[in-house]
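Residue numbers (the working numbering): 33 to 183.
Note that CB positions come from ideal geometry on N, CA and C, so glycine has one too.
Everything numeric in this text was worked out from a predicted model, so none of it was measured.
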DNA sequence: CAGTGTTCAGGAT
DNA sequence: ATCCTGAACACTG
């Protein structure tokens, strides 16, 4: 059984996902991507539905190192919520820069919501174009505020 | 050893 | 109020 690679549009971008069963191995943003199916939950997420992606397995958060612990902490950040590098660092017991380092090497954005981790003073960084991070956050915020008059 | 998707404090404009 | 430095922290290749 081979790993499936497919893509789905998100705004002006195309999200390419390599996955198999309930495990996602790689997520990549680009202008174009191969035709093929992607993980159902990620597809619904990209279509603007509030879905819980914590059920998806990612090789990144399995391990013994600090990085894996950071990824697990990041995954606890819920849909439409944000946390700072410093908060994640304090949870795991490490330094903010280690969190940034881990985010920069995140193999599976969305599954591990690195876009919800922002700098204390601004939006923070993002290895693909920062526009994507802004769009993702804007979408989640819109969905959350859209559900029955809450904030 | 060097490079980060940080953070904090200080000082200048 | 905004912007710039410099320093210290933890982790990975």
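- Residue 83 places its beta carbon 8 Å or farther from that of residue 70.
- In the structure shown, residue 36 falls within a strand segment according to DSSP collapsed to helix, strand and coil.
- Listed in chain order, the beta strand (DSSP E) runs fully inside the region 42-120 are 45-52, 55-62, counting runs of at least 3 residues.
- Residue 134 places its beta carbon 8 Å or farther from that of residue 127.
- Bridge pairing for residue 150: 116 [DSSP].
- With contact defined as three or more Cβ pairs closer than 8 Å, the region 106-125 and the region 149-156 are in contact.
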